[in-house]
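Here's the structure we're looking at; comments come further down.
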């Protein structure tokens, strides 16, 4: 059976991120200070997200990028279920030429387009936690009397789509409970993103058609519910009386049984 494709437009992604930031109070609850986009699917959502966060905090948050791929030795048939995560690009922590960054004190929001098997997100959080621990150790080693204590960073995750399926990777409980933000839950279908389109106009038409079909189905469901027969007032009243009389009738049957004994 062919896998259903979900065509998603730029406008839909833009609106989904806007809605998520506002309804989930992403800035108010997490106060992100640094965005890390997972390449390449997280690049455009991260840039859109920064716009809506700027509207909340009044400044453009810095965006860093990391590159991760799911690699499979089986070149004949790629299987995301058995593939492993590998780095293609990572953060620069060196102090040379002022380009290095420190994670100390940051609320880091990791952005990707989709939470599929969760392997990639799990790997990213795990590796960043290793880097945080290394930076903490180095800081404590050179810390002098009077220097501030190490300010522990926080990690959060922001995804446009979360596929409703069992996950193979895991995230820390604290992240899942307090700083995991998803714009939409979607079925485990093939999501076609606009940045992968060769013909953006055809892609937009496909996304619009899917939206129209979804809207029509929702309207039909609403109409069906509205057309469902409503019990007559007399029947409702009779059922209510029967329900109110039931405890008394039950007690009478119990007393009658006791008298017979």
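Numbering (my numbering), first residue to last: 2 to 262. Glycine included, C-beta positions come from ideal geometry on N, C-alpha and C.
Residue i to residue j span [Cα, whole Å]
i           : j           : result
residue 123 : residue 115 : 13 Å
residue 141 : residue 15  : 42 Å
residue 228 : residue 213 : 22 Å
residue 102 : residue 17  : 30 Å
residue 205 : residue 134 : 45 Å
residue 73  : residue 88  : 13 Å
residue 258 : residue 230 : The predicted model places residue 258 with a pLDDT of 49, which falls under 50 and marks its position as unreliable, so this point remains unresolved.
residue 28  : residue 80  : 36 Å
residue 166 : residue 129 : 25 Å
residue 113 : residue 41  : 8 Å
residue 4   : residue 194 : 15 Å
residue 210 : residue 218 : 12 Å
residue 175 : residue 139 : 25 Å
residue 162 : residue 6   : 14 Å
residue 178 : residue 90  : 29 Å
residue 107 : residue 221 : 48 Å
residue 147 : residue 186 : 48 Å
residue 224 : residue 94  : 58 Å
residue 168 : residue 182 : 16 Å
residue 149 : residue 172 : 30 Å
Beta-carbon proximity check, residue i vs residue j, cutoff 9 Å
i           : j           : result
residue 71  : residue 132 : no
residue 137 : residue 109 : no
residue 164 : residue 200 : no
residue 127 : residue 31  : no
residue 22  : residue 57  : yes
residue 45  : residue 64  : no
residue 39  : residue 121 : yes
residue 157 : residue 111 : yes
Identity of the residues DSSP links to residue i by a beta bridge
i           : result
residue 145 : Residue 145 is not bridged to any residue.
residue 8   : 193
residue 169 : DSSP lists no partner for residue 169.
residue 67  : 39
residue 157 : 110
residue 162 : 115, 185
residue 55  : Paired residues: none, contrary to the question.
residue 90  : 68
Environment of residue i [buried if 16+ CB atoms lie within 10 Å]
i           : result
residue 119 : buried
residue 51  : buried
residue 215 : exposed
residue 43  : buried
residue 10  : buried
residue 208 : buried
residue 152 : exposed
residue 85  : exposed
residue 117 : buried
residue 203 : exposed
residue 125 : buried
Residue from the options whose Cα sits closest to the Cα of residue i
i           : options            : result
residue 104 : 161, 33, 205, 204  : 33
residue 8   : 222, 217, 196      : 196
residue 83  : 226, 151, 178, 170 : 170
residue 13  : 191, 226, 230, 184 : 184
residue 66  : 53, 55, 48, 80     : 48
residue 25  : 172, 41, 147, 54   : 54
residue 159 : 4, 19, 5, 6        : 19
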